[in-house]
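If you read the protein sequences in the order shown, they are chains C and F. Basically my numbering = 1-based index in the first sequence + 1. Basically my numbering = 1-based index in the second sequence + 1.
Protein chains: 2
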Amino acid sequence: MSEIRAKVARQAAKEARKVPMRDFSQSLPMALLRAREAVMRQFRPSLRQHGLTEQQWRILRALAAVDVIEVTELARVAFLLGPSLSRILRDLEARGLIQREVDSRDMRRGVLSISTKGMKLIAQVAPSSEAIYASIASRYGARKLAALHKMLGELERSIGGDLDPDDSGDG
Amino acid sequence: MSEIRAKVARQAAKEARKVPMRDFSQSLPMALLRAREAVMRQFRPSLRQHGLTEQQWRILRALAAVDVIEVTELARVAFLLGPSLSRILRDLEARGLIQREVDSRDMRRGVLSISTKGMKLIAQVAPSSEAIYASIASRYGARKLAALHKMLGELERSIGGDLDPDDSGDG
DNA sequence: GAGAGATGGTTAACATGTTAAGTTTCTGCG
DNA sequence: CGCAGAAACTTAACATGTTAACCATCTCTC
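See the structure below:
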């Protein structure tokens with residue numbers, strides 16, 4: 002059959018030009034992606050139930066932890082790129098979950114804070130979120146989880162340690 | 002100033018309704034995201050230089066490792082959702098990097114294979130990709146990297162149990 | 001104190017993530 | 001045989017990721 006010949010030809014072509022390449026099973030980005038997705042799969046249903054995406058939830062949490070914060074600083078803290086953040090802030094503001102003003106000393110800067118409505122939403126979501134996290138910690142092992150955190154931080158620093166060389170923490 | 006009063010009021014409102022919530026520094030999804038992003042930041046420029054996105058690269062690598070593969074199986078292997086894969090395959094096929102046929106025994110199924118052009122592209126990208134990976138392994142430590150891989154796999158298995166209910170033994 | 005360049009944010013354009021709905025083909029059962 | 005339901009994709013719709021371009025404001029210098 003010509004199908005079989007075609008198959009053999011394809012395989013032969015690959016053998017001939019075989020490129021030395023790790024298998025997926027040894028791909029670090031893939032392993033990180035899979036692990037993260039496994040974790041997020043636990044959280045997404047609960048967030049969705051409250052009308053929040055993962056990123057919106059990150060932003061609300063970040064805002065809840067401070068009094069006010071500027072857009073750029075929020076982007077750094079919530080680990081979002083400017084354009085994504087702009088879109089999400091527009092939406093969250095329209096929904097009344099956050100408030101935004103302009104810095105009177107520097108009119109380029111936007112100053113953000115969470116609204117009472119936003120705080121109420123957090124209060125609604127937090128319990129289930131914490132329960133899910135506790136479940137993960139329990140199943141994986143709290144000590145192991147801490148070790149994993151440590152190793153991830155070290156990986157980040159050992160690779161991209163040249164990104165924010167001067168972060169003078171909280172004043 | 003009324004600004005200060007407003008600030009105090011905001012803070013007071015938060016203190017009053019304080020929700021018990023981990024800090025970002027202890028967020029597992031965030032840690033995984035940051036680590037992954039740090040890694041991908043190393044690879045993206047090289048891929049981009051060759052006109053490939055991360056996902057397109059994953060697909061080509063997966064195709065290069067087999068003779069032919071069905072769409073659903075490719076989605077599983079390359080860890081992509083169906084809709085994303087459909088779009089990317091359309092593009093890769095238009096660029097002549099892959100070939101696709103219909104399974105004559107089951108006309109619902111699409112059968113994919115990489116083209117010679119696709120193999121050539123892989124051969125062009127692979128060296129720099131491998132070099133980047135080696136650099137990461139060197140900076141982070143090969144042994145530590147292996148340990149991290151192991152822990153990520155265990156994390157995935159320990160919380161994604163609904164995917165493979167027959168998980169014999171744990172860590 | 002005006003213009004060059006830097007900074008903070010947004011918009012634009014395209015690719016992917018995510019869920020739901022649609023289309024085609026197959027399978028099983030009466 | 002005929003049809004209900006499942007399976008394999010695909011399309012649709014909306015949200016985010018990513019890079020580049022853009023606009024407004026500020027800063028610094030001459």
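The beta-carbon is built from N, C-alpha and C at its ideal position, and this holds for glycine as well.
Closest Cα partner of F:I25 within the set C:S129, C:R59, C:S116: Taking the second sequence and counting its residues from 1, the one referred to as residue 25 of chain F is at position 24. As written in the sequence, residue 25 of chain F is Phe, which differs from the Ile given in the question. If we check each option's Cα against that of F:F25, C:R59 comes out closest.
C-alpha gap between F:L113 and C:M31, whole angstroms: Stepping through the second sequence from its first residue, residue 113 of chain F is reached at position 112. Stepping through the first sequence from its first residue, residue 31 of chain C is reached at position 30. So the two alpha carbons sit approximately 21 Å from each other.
Beta carbon proximity, C:M152 to chain F, threshold 8 Å: Taking the first residue of the first sequence as 1, we reach residue 152 of chain C at position 151. It does; some Cβ of chain F falls within 8 Å.
Which of helix, strand or coil DSSP assigns to F:L53: For the purposes of this step, residue 53 of chain F is taken as residue 52 along the second sequence, with counting starting at 1. Correct three-state label for F:L53: coil.
Closer than 8 Å at the beta carbon, the chain F residues around C:R23: Along the first sequence, read from residue 1 onward, the residue named residue 23 of chain C stands at position 22. Chain F residues near C:R23: E131, Y134.
Cβ-based neighbour list, F:V72, same chain, cut-off 6 Å, excluding 5 preceding and 5 following: Translated into the one-based positions of the second sequence, residue 72 of chain F becomes position 71. Excluding positions up to five away in sequence, the list reads G111.
Where F:V112 sits in the DSSP three-state scheme: Within the second sequence, numbered from 1, the residue matching residue 112 of chain F stands at position 111. Strand at F:V112.
Secondary structure, beta strand (DSSP E): runs of 3+ residues fully inside the segment 88–154 of chain C: 99–103, 111–115
Per-residue burial, F:Q125 [other beta carbons within 10 Å of its own, 16 or more giving buried]: One-based indexing of the second sequence puts residue 125 of chain F at position 124. Exposed: under 16 other Cβ atoms inside 10 Å.
Own chain partners of F:A100 with C-beta closer than 6 Å, once the 5 adjacent residues on each side are dropped: For the purposes of this step, residue 100 of chain F is taken as the residue at position 99 of the second sequence. First, the residue type needs correcting, since residue 100 of chain F is Gln and not Ala in the sequence shown. Around F:Q100: S114, S116.
CB contact flag (F:Q43, F:L81, <8 Å): To locate residue 43 of chain F, count along the second sequence from 1; it is residue 42. To locate residue 81 of chain F, count along the second sequence from 1; it is residue 80. No, the Cβ-Cβ distance between F:Q43 and F:L81 is not below 8 Å.
Supposed close pair C:L156, F:A36 - CB separation, criterion 8 Å: Taking the first residue of the first sequence as position 1, residue 156 of chain C is located at position 155. Taking the first residue of the second sequence as position 1, residue 36 of chain F is located at position 35. That belief holds up - the Cβ atoms of C:L156 and F:A36 are roughly 5 Å apart, short of 8 Å.
Local Cβ density within 10 Å of F:S105, reported as buried at 16 or more and exposed below that: The residue given as residue 105 of chain F occupies position 104 in the second sequence. Under this definition F:S105 is an exposed residue.
Members of the segment 28–50 of chain F near chain C, C-beta cut-off 9 Å: S28, L29, P30, M31, A32, L33, L34, R35, A36, R37, E38, A39, V40, M41, R42, Q43, F44
Short Cβ contact (8 Å threshold) for F:L146 with F:L61: In the second sequence, the residue the question calls residue 146 of chain F occupies position 145. In the second sequence, the residue the question calls residue 61 of chain F occupies position 60. Not a contact, by the Cβ cut-off of 8 Å.
Any chain F beta carbon closer than 8 Å to C:E157: Reading the first sequence from its first residue, position 156 is the one you call residue 157 of chain C. Output row for C:E157: interface = yes.
Integer Cβ distance of F:A65 from F:V78, believed to fall under 8 Å: Taking the first residue of the second sequence as position 1, residue 65 of chain F is located at position 64. Taking the first residue of the second sequence as position 1, residue 78 of chain F is located at position 77. The pair is not a contact, with the Cβ atoms about 12 Å apart (cut-off 8 Å).
Cβ-Cβ distance between C:A138 and F:G161 below 8 Å: Taking the first sequence and counting its residues from 1, the one referred to as residue 138 of chain C is at position 137. Taking the second sequence and counting its residues from 1, the one referred to as residue 161 of chain F is at position 160. For C:A138 and F:G161, no; Cβs fall outside 8 Å.
Residue burial classification, C:G97 (beta-carbon count within 10 angstroms, cutoff 16): To locate residue 97 of chain C, count along the first sequence from 1; it is residue 96. Classification for C:G97: exposed.
Length of the line joining the Cα atoms of F:G119 and C:M108: Mapped onto the second sequence, residue 119 of chain F falls at position 118. Mapped onto the first sequence, residue 108 of chain C falls at position 107. Distance between the alpha carbons of F:G119 and C:M108 is about 51 Å.
Inter-residue spacing [alpha-carbon to alpha-carbon] between C:L48 and C:R140: Here residue 48 of chain C refers to the residue found at position 47 of the first sequence. Here residue 140 of chain C refers to the residue found at position 139 of the first sequence. If you take the alpha carbons of C:L48 and C:R140, they lie about 21 Å apart.
For C:L164, three-class secondary structure by DSSP: In the first sequence, counting from the first residue as 1, residue 164 of chain C sits at position 163. Bear in mind that a pLDDT of 42 at C:L164, under 50, signals an unreliable position, so the number given afterwards is only what the model happens to contain. Coil.
Proximal chain C residues relative to F:V78, where beta-carbon distance stays under 8 Å: The count along the second sequence starts at 1 and reaches residue 78 of chain F at position 77. Correct list: F25.
Terminal residues of the alpha helix (DSSP H) in which F:V69 lies: For the purposes of this step, residue 69 of chain F is taken as residue 68 along the second sequence, with counting starting at 1. Note, F:V69: premise wrong, no alpha helix (DSSP H); not H, not E.
Per-residue contacts from F:R140 into chain C (C-beta, under 7 Å): What you label residue 140 of chain F is simply residue 139 of the second sequence in a count that begins at 1. Residues of chain C passing the Cβ test: S159, I160.
Neighbourhood of C:A76 by C-beta, 8 Å cutoff - its chain only, sequence neighbours within 5 removed: Here residue 76 of chain C corresponds to residue number 75 of the first sequence, with the count starting at 1. If we look at C:A76 and ignore the five residues flanking it on each side, its Cβ neighbours are L82, G83, L86.
Cβ-Cβ separation, C:L29 to F:L33 (assumed contact under 8 Å), whole Å: For this step, residue 33 of chain F is matched to residue 32 along the second sequence. For this step, residue 29 of chain C is matched to residue 28 along the first sequence. That belief does not hold up - the Cβ atoms of F:L33 and C:L29 are roughly 12 Å apart, past 8 Å.
Own chain, CB closer than 7 Å to C:I89, minus 5 neighbours either side, in chain order: Locating residue 89 of chain C in the first sequence gives position 88, counting from the first residue. Taken in chain order, the residues that qualify are Q56, Q57, I60.
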